[in-house]
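A.B. asks: I'd like to ask some things about the structure below.
The following block contains the structure:
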């Protein structure tokens, strides 16, 4: 009996009630945008619960490890025990190192973050790997490493959206939206800022604004904020003195601040790459590598606890206290060193909140310096602090409106919105023109990924030459003479024939029509007509790389060659490749704008 046809209608009576319900949900979600919005809101609720649990856990361990008074943040402590700092950070470093050693021994791939998932993998993330990332982030922050929890928040929120979307077998575009919705809800809940969370989902995780993604992402951000308020108070609220009225010179001065924060942000990201390479050169085993960062951070903490954790307490302290410029510069330098040492050595986390603290320090230094050396142009210190937070954060995080709204929602004062947004966009523009990366995409670049944003380019990697080629090409030995070649391959048959040497390696392409045109007037071997002997494609090349080779060689047809044996496997025409590339590019563009 022949096997049943794969197109045979599915017998629903054979499915379990759970399977039938899941199938019905898939159908509804594919056909109804309201259902996708409801799903995103559910993801937002789950993400908010995870954010609250992580935040309260970190606060609890900070209080117990460092013996903090009630309601005092770690980085705002007057002093901490050096023994507690060294012990906690070294133990946490060994734990992180042991986890990394185990991962490498098992050959488990590195976890995929939300930006990489949406850019290269169509939104596919592993919930198990993301829980590990969240746990490592929590361990790092609880011990006092100079990293924030926001990376863990976004990771677990995005993974919840991805996992639910995969279970429901959503389309690629809808799955990417759920990943963005989960991350948006996590950030919104963490800062009690739904606009911030929503724009984080758009700018950082999706890479573009889209009509189709607006409702799900805003629903997730709002639900995440509401659930966080319901189960716990907002983890953090930015406190700053009242803003003064804007004057026309404020815009010019803030553009200058934007240029300064852009330069320092680019320096910080490049220094991060240098620090990682420097530690790689030491060849320290992964188990003990985080201990180096632990010792550096703990040593700095003996001078000031402001280097510990993300810097929530330090931000409030530095904004409210009249520190001299020299002290603020010292705080800034030590915080940058502590952050780079933590991340380069292997502690898990990010620079989201740390960038706010560093930006606030830069803004305050800028305002105090102008007041001292050019008092006629002295700007409002509070405005410079807020603009510094937004601009430096935009350079590091990669979302100008995300950081602008975070600052504005954090202080609940939109009177300076136009100036802060202008400065933030200016900083982002300068950084993109001069550098081209945010901190997350820069770290992916250092790993060898060609990613500059979360825009969906995964389809390019999926469009492999091996899938597009016409297999089993006609071949002939490179020693064959022209007459024999024409007899073997009559006109009107094959378009081109691949020549092979004695070892079966590719030796060039001969156009059959051209061979017949020269057969009467030329004698000798067909090899004299061979073209593109030194240019070929491989099955693993993506369509973009292949198109570049076609342009460079000015060929209409190229052979596909086994990179190991050198044997011809097939051939691809430029016209067919360009058509398939254009079709997929158009589909990706339509998906991005929601049509």
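In the working numbering, the protein residues as written are 8 to 602. We put the CB at the ideal spot given by N, CA and C, even for glycine.
1) What is the residue span of the alpha helix (DSSP H) that residue 482 lies within?
2) Can you list, in chain order, the residues of its chain with a C-beta nearer than 6 Å to that of residue 481? Leave out the 5 residues immediately preceding and following it.
3) Closest to residue 50 by C-alpha separation, out of 178, 442, 66 and 232, would be which residue?
4) What does a CB cutoff of less than 6 Å around residue 160 pick up in its chain, not counting 5 residues either side in sequence?
5) Could you say which of 553, 577 and 573 lies nearest to residue 586 if we only look at CA atoms?
6) Flag this pair as yes or no: are the beta carbons of residue 345 and residue 96 separated by less than 8 Å?
7) I want to know whether the segment 175-187 touches the segment 373-383 - three or more CB-CB distances under 8 Å.
8) Mind the definition here: the segment 325-341 touches the segment 408-415 only if three or more C-beta pairs lie below 8 Å; say whether that holds.
9) Whose CA, out of 472, 426 and 402, lies closest to the CA of residue 439?
10) Spell out the partners DSSP gives residue 594 in its beta bridges.
11) By a C-beta neighbour count over all protein chains shown, 10 Å radius and 16 as the cutoff for buried, is residue 256 buried or exposed?
12) Comparing the C-beta of residue 76 with each C-beta of chain B, is any distance below 8 Å?
13) Could you work out which residue in 71, 343 and 535 is closest to residue 154 when comparing CA atoms only?
14) If you run the structure through DSSP and keep just helix, strand and coil, what is residue 478?
15) Going by the beta-carbon positions, is the gap between residue 316 and residue 81 smaller than 8 Å?
16) Taking C-alpha atoms, which residue in 485, 138, 279 and 417 lies nearest to residue 244?
17) If I measure Cβ to Cβ from residue 437 and keep anything under 7 Å in the same chain, skipping five residues before and after, which residues do I get?
18) Would you kindly work out how many angstroms separate the C-alpha atoms of residue 254 and residue 203, rounded to a whole number?
19) Pick from 573, 431, 404 and 47: whose alpha carbon is nearest that of residue 449?
20) Take residue 205 and list the residues in its own chain whose beta-carbon comes closer than 6 Å to its own, dropping the five residues that flank it on each side.
21) So if DSSP puts residue 504 in a beta bridge, which residue, or which two residues, is it bridged to?
22) Quick one: grab the DSSP three-state call for residue 578.
23) So residue 222 packs on residue 334, CB below 8 Å; how close in whole Å?
24) The alpha helix (DSSP H) spanning residue 44 covers which residue range?
25) Kindly indicate which three-state DSSP category residue 492 falls into: helix, strand or coil?
26) Grab me the residues of residue 273's own chain with a C-beta within less than 8 Å of its C-beta, minus the 5 sequence neighbours each way, in chain order.
27) Whose C-alpha, out of 123, 336 and 102, is nearest the C-alpha of residue 452?
28) Among residues of its own chain, excluding the 5 on either side of residue 525, which ones have a beta-carbon nearer than 8 Å to its beta-carbon?
29) Could you check the C-alpha separation between residue 10 and residue 454 for me, to the nearest Å?
30) CB residue 141 to CB residue 162, shorter than 8 Å?
31) With a threshold of 16 other CB atoms inside 10 Å of the CB of residue 168, please say whether the residue is buried or exposed.
32) Per the DSSP calculation, residue 568 is bridged to which residue(s)?
33) Is residue 236 helix, strand or coil when you go by DSSP?
34) What is the residue span of the alpha helix (DSSP H) that residue 342 lies within?
35) With distances taken from CA atoms, which of 230, 383, 424 and 589 is nearest residue 394?
36) Look at the Cβ atom of residue 389, then the Cβ atom of residue 250, and state whether they are nearer than 8 Å.
C.D. replies: A quick look at the data gives this:
1) Position 475 of the chain shown holds residue 482. Judged by DSSP secondary structure, residue 482 falls outside any alpha helix (DSSP H) and instead within the beta strand (DSSP E) spanning 482-484.
2) In the chain shown, the residue the question calls residue 481 occupies position 474. For residue 481, where only same-chain residues beyond five positions count, the Cβ hits under 6 Å are 501 and 504.
3) Within the chain shown, the letter at position 43 stands for residue 50. Cα-wise, what sits closest to residue 50 is 232.
4) The residue you call residue 160 lines up with position 153 of the chain shown. These residues qualify, in order along the chain: 58, 193 and 197.
5) Indexing the chain shown from 1 puts residue 586 at position 579. Scanning 553, 577 and 573 for the CA closest to the CA of residue 586 turns up 553.
6) Residue 345 sits at position 338 when you count from the first residue of the chain shown. Residue 96 sits at position 89 when you count from the first residue of the chain shown. Residue 345 places its beta carbon 8 Å or farther from that of residue 96.
7) no
8) Contact fails: fewer than three Cβ-Cβ distances are below 8 Å.
9) Working through the chain shown from its first residue, we reach residue 439 at position 432. Here the closest residue by C-alpha is 402.
10) For the purposes of this step, residue 594 is taken as residue 587 along the chain shown, with counting starting at 1. Beta-bridge pairing links residue 594 to no other residue.
11) As a working mapping, residue 256 is identified with position 249 in the chain shown. By the neighbour-count rule (16 or more Cβ atoms within 10 Å), residue 256 is not buried but exposed.
12) Among the chains of the structure shown, chain B does not appear; only one protein chain is present.
13) As a first step, residue 154 is located in the chain shown; it is residue number 147 there, counting from the start. Comparing Cα-Cα distances from residue 154 to each of 71, 343 and 535, the minimum goes to 343.
14) Along the chain shown, read from residue 1 onward, the residue named residue 478 stands at position 471. DSSP places residue 478 in strand when its eight states are reduced to three.
15) In the chain shown, residue 316 corresponds to position 309, counting from 1. In the chain shown, residue 81 corresponds to position 74, counting from 1. Their beta carbons are under 8 Å apart, which means residue 316 touches residue 81 by this criterion.
16) In the chain shown, the residue the question calls residue 244 occupies position 237. Here the closest residue by C-alpha is 417.
17) Against the chain shown, residue 437 aligns to sequence position 430. Correct list, in chain order: 265, 266 and 269.
18) Working through the chain shown from its first residue, we reach residue 254 at position 247. Working through the chain shown from its first residue, we reach residue 203 at position 196. Rounded to the nearest angstrom, the two C-alpha atoms are 26 Å apart.
19) Translated into the one-based positions of the chain shown, residue 449 becomes position 442. Of 573, 431, 404 and 47, the residue nearest in Cα terms is 404.
20) To locate residue 205, count along the chain shown from 1; it is residue 198. The beta carbon of residue 205 is closer than 6 Å to those of 191, 224, 225 and 228 in its chain, skipping five residues each way along the sequence.
21) Position 497 of the chain shown, counted from the start, is the residue given in the question as residue 504. DSSP, once it has assigned bridges, lists 517 as partnering residue 504.
22) Locating residue 578 in the chain shown gives position 571, counting from the first residue. Three-state result, residue 578: strand.
23) Position 215 of the chain shown, counted from the start, is the residue given in the question as residue 222. Position 327 of the chain shown, counted from the start, is the residue given in the question as residue 334. About 48 Å separates the two Cβ atoms, so there is no contact after all.
24) Residue 44 sits at position 37 when you count from the first residue of the chain shown. Annotation for residue 44: the continuous alpha helix (DSSP H) segment containing it runs 40-73.
25) The residue labelled residue 492 in the question sits at position 485 within the chain shown. In this structure, residue 492 counts as helix in the three-state DSSP scheme.
26) The residue given as residue 273 occupies position 266 in the chain shown. Excluding residues within five positions, the ones whose Cβ falls inside 8 Å are 402, 438, 441 and 442.
27) Taking the chain shown and counting its residues from 1, one reaches residue 452 at position 445. Considering only 123, 336 and 102, the residue with the shortest C-alpha distance to residue 452 is 123.
28) Stepping through the chain shown from its first residue, residue 525 is reached at position 518. Excluding positions up to five away in sequence, the list reads 489 and 536.
29) Against the chain shown, residue 10 aligns to sequence position 3. Against the chain shown, residue 454 aligns to sequence position 447. With a pLDDT of only 42 at residue 10, under the threshold of 50, the placement of this residue in the model should not be trusted; the figure read from the coordinates follows. Near 47 Å, if we compare the C-alpha coordinates of residue 454 and residue 10.
30) Position 134 of the chain shown, counted from the start, is the residue given in the question as residue 141. Position 155 of the chain shown, counted from the start, is the residue given in the question as residue 162. Yes; because the gap between Cβ atoms is below 8 Å, this pair is in contact.
31) Indexing the chain shown from 1 puts residue 168 at position 161. By the 10 Å Cβ count, residue 168 comes out buried.
32) Within the chain shown, numbered from 1, the residue matching residue 568 stands at position 561. Note: residue 568 sits in a beta bridge opposite 575.
33) The count along the chain shown starts at 1 and reaches residue 236 at position 229. Residue 236 falls in the helix class under three-state DSSP.
34) Residue 342 sits at position 335 when you count from the first residue of the chain shown. Residue 342 -> alpha helix (DSSP H) spans 332-352.
35) In the chain shown, counting from the first residue as 1, residue 394 sits at position 387. When each option's Cα is compared against that of residue 394, the closest is 424.
36) For this step, residue 389 is matched to residue 382 along the chain shown. For this step, residue 250 is matched to residue 243 along the chain shown. Going by C-beta atoms, residue 389 is nearer than 8 Å to residue 250.
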